[in-house]
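Each residue of the sequence shown is one higher than the one before, counting from 162 in the numbering used here. Scroll down for the structure; my scribbles are underneath it.
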Amino acid sequence: MAESVIPPPDPLAPGGTPLGASRRAIVRWFAVFVAFVALVHSSMLLLHVATDFPLSRSYRERVDGWMRPLFPQDWSIFAPEPSKFNQHLEVRANVDGEFGRWIDLTAHDNAAYRGELLPSIEDQLVLRRAVSHYRTNAARQKAAPATGRSARYLLNVVLVRLDAMGEEPGQAVQLRLKSTRIPAPGSRTGAVVTRPQYQTLGYWKVRS
162 MAESVIPPPD PLAPGGTPLG ASRRAIVRWF AVFVAFVALV HSSMLLLHVA TDFPLSRSYR
222 ERVDGWMRPL FPQDWSIFAP EPSKFNQHLE VRANVDGEFG RWIDLTAHDN AAYRGELLPS
282 IEDQLVLRRA VSHYRTNAAR QKAAPATGRS ARYLLNVVLV RLDAMGEEPG QAVQLRLKST
342 RIPAPGSRTG AVVTRPQYQT LGYWKVRS
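See below:
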(Lines of atoms letter the chains of each structure in order from A and count residues from 1; the text may use other names and numbers.)
(Lines give C-alpha, C1' and ligand atoms only; values in the text may rest on other atoms or scores of the structure.)
Protein backbone atom coordinates (compact mmCIF):
# COMPACT_ATOMS: atom_id res chain seq x y z
CA MET A 1 0.00 0.00 0.00
CA ALA A 2 1.50 3.27 -1.12
CA GLU A 3 1.88 5.95 1.48
CA SER A 4 0.18 9.29 0.81
CA VAL A 5 2.54 12.19 0.40
CA ILE A 6 1.55 15.39 2.26
CA PRO A 7 2.66 18.48 0.30
CA PRO A 8 4.71 21.03 2.23
CA PRO A 9 2.99 24.21 3.43
CA ASP A 10 2.72 26.98 0.86
CA PRO A 11 4.90 29.92 2.06
CA LEU A 12 2.70 32.41 0.16
CA ALA A 13 -0.50 31.35 1.89
CA PRO A 14 -1.62 32.37 5.39
CA GLY A 15 -1.31 29.52 7.87
CA GLY A 16 0.33 27.31 5.25
CA THR A 17 -2.91 26.76 3.30
CA PRO A 18 -2.09 25.91 -0.33
CA LEU A 19 -2.99 28.60 -2.86
CA GLY A 20 -4.32 28.00 -6.31
CA ALA A 21 -2.32 28.99 -9.37
CA SER A 22 -4.41 32.13 -10.00
CA ARG A 23 -4.05 33.34 -6.42
CA ARG A 24 -0.31 32.69 -6.43
CA ALA A 25 -0.04 34.76 -9.62
CA ILE A 26 -2.03 37.61 -8.04
CA VAL A 27 0.20 37.60 -4.95
CA ARG A 28 3.35 37.64 -7.07
CA TRP A 29 2.10 40.49 -9.31
CA PHE A 30 1.05 42.49 -6.25
CA ALA A 31 4.51 42.05 -4.72
CA VAL A 32 6.10 43.18 -8.01
CA PHE A 33 3.78 46.22 -8.11
CA VAL A 34 4.66 47.23 -4.53
CA ALA A 35 8.36 46.86 -5.27
CA PHE A 36 7.98 48.95 -8.44
CA VAL A 37 6.14 51.76 -6.60
CA ALA A 38 8.78 51.71 -3.86
CA LEU A 39 11.52 51.98 -6.49
CA VAL A 40 9.79 54.88 -8.26
CA HIS A 41 9.17 56.71 -4.99
CA SER A 42 12.79 56.25 -3.89
CA SER A 43 14.01 57.59 -7.24
CA MET A 44 11.67 60.60 -7.04
CA LEU A 45 12.77 61.30 -3.48
CA LEU A 46 16.43 61.12 -4.49
CA LEU A 47 15.91 63.57 -7.37
CA HIS A 48 13.82 65.86 -5.14
CA VAL A 49 16.45 66.27 -2.42
CA ALA A 50 19.50 66.11 -4.70
CA THR A 51 21.50 69.16 -5.65
CA ASP A 52 20.79 70.90 -8.94
CA PHE A 53 22.19 68.86 -11.85
CA PRO A 54 21.01 68.10 -15.44
CA LEU A 55 18.92 65.02 -14.59
CA SER A 56 17.04 66.72 -11.75
CA ARG A 57 16.40 69.78 -13.94
CA SER A 58 15.03 67.61 -16.76
CA TYR A 59 12.48 65.86 -14.54
CA ARG A 60 11.76 68.71 -12.10
CA GLU A 61 8.08 69.11 -13.03
CA ARG A 62 7.41 65.36 -12.83
CA VAL A 63 9.24 65.05 -9.52
CA ASP A 64 7.38 68.01 -8.02
CA GLY A 65 4.09 66.58 -9.25
CA TRP A 66 4.85 63.28 -7.48
CA MET A 67 6.30 64.67 -4.23
CA ARG A 68 3.92 67.55 -3.59
CA PRO A 69 1.71 68.12 -1.76
CA LEU A 70 1.63 64.64 -0.18
CA PHE A 71 5.37 64.01 0.32
CA PRO A 72 7.02 67.37 1.04
CA GLN A 73 10.57 67.43 2.40
CA ASP A 74 10.72 70.34 4.82
CA TRP A 75 14.27 70.56 6.19
CA SER A 76 13.52 73.90 7.89
CA ILE A 77 12.34 71.96 10.95
CA PHE A 78 16.00 71.68 11.97
CA ALA A 79 16.75 75.39 11.48
CA PRO A 80 13.40 77.20 11.22
CA GLU A 81 13.33 80.81 10.07
CA PRO A 82 11.12 82.91 12.35
CA SER A 83 7.99 84.07 10.59
CA LYS A 84 7.50 87.82 10.22
CA PHE A 85 3.74 87.59 9.68
CA ASN A 86 0.76 85.85 11.18
CA GLN A 87 -1.18 84.55 8.20
CA HIS A 88 -4.79 83.43 8.42
CA LEU A 89 -6.78 81.88 5.59
CA GLU A 90 -10.32 83.22 5.33
CA VAL A 91 -13.19 81.96 3.18
CA ARG A 92 -16.67 83.15 2.33
CA ALA A 93 -19.35 81.20 0.52
CA ASN A 94 -21.54 82.34 -2.34
CA VAL A 95 -25.03 80.99 -1.68
CA ASP A 96 -27.66 81.72 -4.34
CA GLY A 97 -25.65 84.65 -5.67
CA GLU A 98 -25.02 86.27 -2.29
CA PHE A 99 -21.70 86.26 -0.43
CA GLY A 100 -21.77 85.39 3.26
CA ARG A 101 -19.43 86.47 6.04
CA TRP A 102 -15.68 85.83 6.04
CA ILE A 103 -14.78 82.73 8.08
CA ASP A 104 -11.28 82.46 9.58
CA LEU A 105 -10.22 78.84 8.97
CA THR A 106 -6.82 79.28 10.60
CA ALA A 107 -8.40 80.60 13.79
CA HIS A 108 -10.72 77.59 13.81
CA ASP A 109 -7.73 75.25 13.49
CA ASN A 110 -5.86 77.05 16.28
CA ALA A 111 -8.87 76.82 18.58
CA ALA A 112 -9.21 73.09 17.85
CA TYR A 113 -5.57 72.36 18.76
CA ARG A 114 -5.36 74.70 21.74
CA GLY A 115 -5.48 72.68 24.95
CA GLU A 116 -4.75 69.35 23.25
CA LEU A 117 -2.30 67.24 25.22
CA LEU A 118 -0.75 65.66 22.10
CA PRO A 119 -1.71 67.79 19.09
CA SER A 120 -0.95 66.44 15.65
CA ILE A 121 1.75 68.45 13.88
CA GLU A 122 0.65 67.10 10.50
CA ASP A 123 -2.94 68.25 11.04
CA GLN A 124 -1.74 71.70 12.06
CA LEU A 125 0.39 72.06 8.92
CA VAL A 126 -2.19 70.84 6.37
CA LEU A 127 -3.83 74.22 5.84
CA ARG A 128 -0.59 76.21 5.79
CA ARG A 129 1.09 73.80 3.37
CA ALA A 130 -1.92 73.84 1.07
CA VAL A 131 -1.83 77.65 0.91
CA SER A 132 1.95 77.76 0.46
CA HIS A 133 1.89 75.14 -2.32
CA TYR A 134 -0.93 76.93 -4.14
CA ARG A 135 0.81 80.33 -3.96
CA THR A 136 4.06 78.82 -5.23
CA ASN A 137 2.37 77.23 -8.24
CA ALA A 138 0.13 80.23 -8.97
CA ALA A 139 3.23 82.41 -9.23
CA ARG A 140 4.48 80.37 -12.19
CA GLN A 141 3.66 81.66 -15.63
CA LYS A 142 2.08 78.45 -16.91
CA ALA A 143 0.04 77.78 -13.75
CA ALA A 144 -3.75 77.56 -13.95
CA PRO A 145 -4.75 79.16 -10.62
CA ALA A 146 -8.33 77.85 -10.52
CA THR A 147 -7.87 74.39 -12.05
CA GLY A 148 -4.36 73.19 -11.16
CA ARG A 149 -3.60 70.33 -8.82
CA SER A 150 -2.55 72.65 -5.99
CA ALA A 151 -5.79 74.63 -6.40
CA ARG A 152 -7.92 71.49 -6.20
CA TYR A 153 -6.00 70.33 -3.15
CA LEU A 154 -6.50 73.68 -1.40
CA LEU A 155 -10.20 73.69 -2.27
CA ASN A 156 -10.62 70.16 -0.89
CA VAL A 157 -8.95 71.17 2.38
CA VAL A 158 -11.22 74.23 2.64
CA LEU A 159 -14.37 72.17 1.97
CA VAL A 160 -13.36 69.64 4.64
CA ARG A 161 -12.86 72.49 7.13
CA LEU A 162 -16.24 74.03 6.28
CA ASP A 163 -17.97 70.68 6.67
CA ALA A 164 -16.32 70.18 10.08
CA MET A 165 -17.55 73.63 11.15
CA GLY A 166 -21.09 72.95 9.93
CA GLU A 167 -20.87 75.75 7.35
CA GLU A 168 -22.55 75.62 3.94
CA PRO A 169 -20.10 76.04 1.01
CA GLY A 170 -22.85 77.15 -1.35
CA GLN A 171 -22.23 77.19 -5.10
CA ALA A 172 -18.77 78.82 -4.89
CA VAL A 173 -16.18 79.98 -2.39
CA GLN A 174 -13.73 82.88 -2.34
CA LEU A 175 -10.45 82.75 -0.44
CA ARG A 176 -8.21 85.45 0.91
CA LEU A 177 -5.09 85.55 3.06
CA LYS A 178 -4.93 87.94 6.00
CA SER A 179 -1.35 88.85 6.99
CA THR A 180 -0.47 90.72 10.17
CA ARG A 181 3.13 91.74 10.87
CA ILE A 182 4.61 90.32 14.07
CA PRO A 183 6.35 93.03 16.13
CA ALA A 184 10.07 92.52 16.64
CA PRO A 185 11.15 91.34 20.11
CA GLY A 186 11.59 94.28 22.46
CA SER A 187 9.61 96.74 20.32
CA ARG A 188 7.36 99.17 22.14
CA THR A 189 3.63 98.60 22.16
CA GLY A 190 2.02 100.64 19.40
CA ALA A 191 5.35 101.51 17.76
CA VAL A 192 4.74 99.05 14.91
CA VAL A 193 1.70 99.24 12.68
CA THR A 194 -0.05 95.87 12.86
CA ARG A 195 -2.93 96.66 10.50
CA PRO A 196 -3.70 93.44 8.58
CA GLN A 197 -3.18 93.20 4.85
CA TYR A 198 -5.38 91.08 2.60
CA GLN A 199 -4.52 89.12 -0.53
CA THR A 200 -7.25 87.51 -2.61
CA LEU A 201 -6.27 83.97 -3.56
CA GLY A 202 -9.07 82.91 -5.85
CA TYR A 203 -12.68 82.08 -6.53
CA TRP A 204 -13.81 78.51 -7.11
CA LYS A 205 -17.10 76.93 -8.06
CA VAL A 206 -18.12 74.06 -5.81
CA ARG A 207 -19.18 70.88 -7.53
CA SER A 208 -22.58 69.62 -6.43
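The beta-carbon is built from N, C-alpha and C at its ideal position, and this holds for glycine as well.
Given Leu316, which residues of its chain have a CB within under 7 Å of its CB, disregarding the five upstream and five downstream residues?
Stepping through the sequence shown from its first residue, residue 316 is reached at position 155. Closer than 7 Å at Cβ, skipping near neighbours: Trp365.
For my contact list, Thr341 and Asn247 are in at a C-beta cut-off of 8 Å; report their separation, rounded to the angstrom.
Position 180 of the sequence shown, counted from the start, is the residue given in the question as residue 341. Position 86 of the sequence shown, counted from the start, is the residue given in the question as residue 247. Contact flag correct, Cβ pair sits at about 5 Å.
Does DSSP put Thr361 in a helix, a strand or coil?
If you number the sequence shown from 1, residue 361 lands on position 200. In the structure shown, Thr361 falls within a strand segment according to DSSP collapsed to helix, strand and coil.
Can you tell me which of the three DSSP states Ile264 falls into?
Start at 1 with the first residue of the sequence shown, and residue 264 comes out as number 103. Strand, per DSSP.
Supposed close pair Leu208, Val224 - CB separation, criterion 8 Å
Residue numbering aside, residue 208 sits at position 47 when the sequence shown is read from its first letter. Residue numbering aside, residue 224 sits at position 63 when the sequence shown is read from its first letter. The pair is a contact, with the Cβ atoms about 5 Å apart (cut-off 8 Å).
From Val198, Val193, Arg185, Arg289, residue whose alpha carbon lies closest to that of Ser244
Reading the sequence shown from its first residue, position 83 is the one you call residue 244. With distances taken between Cα atoms, Ser244 lies closest to Arg289.
Shorter than 7 Å, the distance from the beta carbon of Ser183 to the closest heavy atom of the ligand MG, or not?
The ligand MG is not part of the structure shown, which contains no ligands of any sort.
With a threshold of 6 Å on Cβ separation, who are the neighbours of Tyr359 within its own chain once the five nearest residues in sequence on each side are excluded?
For the purposes of this step, residue 359 is identified with residue 198 of the sequence shown, where counting begins at 1. Arg337, Lys339, listed in sequence order.
Asp265 versus Tyr220, Ser217, Gly276, Val319, residue with shortest Cα-Cα distance:
On the sequence shown, position 104 is the one that residue 265 refers to. Ranking the options by Cα distance to Asp265, first place goes to Val319.
With DSSP as the reference, label Glu251 as helix, strand or coil.
Taking the sequence shown and counting its residues from 1, one reaches residue 251 at position 90. If DSSP states are grouped into helix, strand and coil, Glu251 belongs with the strands.
By Cβ distance below 6 Å, which residues in the same chain neighbour Glu222 in space, the five residues on each side in sequence not counted?
By one-based count along the sequence shown, residue 222 stands at place 61. Within the same chain, Glu222 has no close Cβ partners at all.
Is the Cβ-Cβ distance between Asn298 and Ser281 less than 8 Å?
For the purposes of this step, residue 298 is taken as the residue at position 137 of the sequence shown. For the purposes of this step, residue 281 is taken as the residue at position 120 of the sequence shown. The Cβ-Cβ distance between Asn298 and Ser281 does not fall below 8 Å.
Nearest by alpha-carbon distance to Ile343: which of Asn255, Ala186, Val292, Pro357 is it?
As a position in the sequence shown, residue 343 is number 182, starting the count at 1. Taking only the C-alpha atoms, the option nearest Ile343 is Pro357.
Closest to Pro330 by CA distance: which of Trp227, Arg218, Arg368, Ala196 is it?
Here residue 330 corresponds to residue number 169 of the sequence shown, with the count starting at 1. The option with the nearest alpha carbon to Pro330 is Arg368.
Ala333: first and last residue of the uninterrupted beta strand (DSSP E) it sits in:
Looking up residue 333 in the sequence shown gives position 172. Start and end: 333-342.
Please state the DSSP three-state secondary structure of Glu328.
Locating residue 328 in the sequence shown gives position 167, counting from the first residue. It is coil, neither helix nor strand.
Using DSSP with H/G/I as helix, E/B as strand and the rest coil, what is Phe232?
For the purposes of this step, residue 232 is taken as the residue at position 71 of the sequence shown. It is coil, neither helix nor strand.
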